[in-house]
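Reviewing the structure listed below.
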Amino acid sequence: MPPRILPPTQRLFRPFRPLHRTFFDLPSATTPQRFTVSRTLPHPPQNLYKLVADIDSYSAYLPYCIGSKVTKRCSETSAPTEADLRVGWGSFDETFSSRVTCKPEDLMVEADASQNPLFEKLLARWEISEPATTIEPEGKSDVHLKIEFQFTNPIYSALSGAVAPKVADVMIQAFEKRAKEVLGKKEIAG
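Position 78 (the sequence shown) corresponds to 60 in the numbering used here; numbering is contiguous.
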């Protein structure tokens, strides 16, 4: 009996098709990462705004910030309009410039470093307000920090994916500690 030839759909060996697997998943190149954290602090909003707007002091208390310098100020208000930050941990050490927007009437400070080659997008926004839900809001403030970023380097994006969710929380904890040191050690009851 002659050998039987199977039809193409029943052949034991199919043409080789390479598998497309990655060692680890990289964050999408088109989707920035976003994080928000909020706290109620026992200090007046205007005092906390001044702490946030004091960019020259960031390197004294913000983790991973090893240098901070205002490079340009508004001629009318002397509020920062541009600043350089140097961040580092381990072998990572980068300096980047930010356009800074300070709005004392809105108690808002925003830094945009998206014009740097390191980032597709980097936006940090601090907003301070009187608490809406506190029975006695006198002398207390709600502080909100929003961070949105996307690295141009996919390796940096992959590495940041593991630590980024904690960054906003670490930053506001450091800010809270700084507020206690500079403005006093008040505690929020309840």
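Note that beta-carbon positions come from the ideal geometry of N, C-alpha and C, so glycine has one too. It should be emphasised that the depicted structure is a prediction, and the values quoted were computed from it without experimental measurement.
{"Query": "For I48 and V69, the rounded distance between their alpha carbons", "Result": "6 Å"}
{"Query": "Secondary structure of K162, DSSP reduced to three states", "Result": "helix"}
{"Query": "As assigned by DSSP and simplified to three states, the class of Q28", "Result": "helix"}
{"Query": "Where G70 sits in the DSSP three-state scheme", "Result": "strand"}
{"Query": "Proximity to H126 [Cα-Cα], best of L141, E109, S139, L100", "Result": "E109"}
{"Query": "Residue burial classification, S179 (beta-carbon count within 10 angstroms, cutoff 16)", "Result": "Outside the displayed span of the chain (-17 to 172) sits residue 179, for which this structure offers no information."}
{"Query": "Terminal residues of the beta strand (DSSP E) in which S41 lies", "Result": "First-last for S41: 40 to 43, but that is the alpha helix (DSSP H), not the beta strand (DSSP E)."}
{"Query": "Own chain residues within Cβ distance below 6 Å of T13, not counting five before or after", "Result": "none"}
{"Query": "Assumed close pair V149, I129 - CB separation to whole angstroms, cut-off 8 Å", "Result": "7 Å"}
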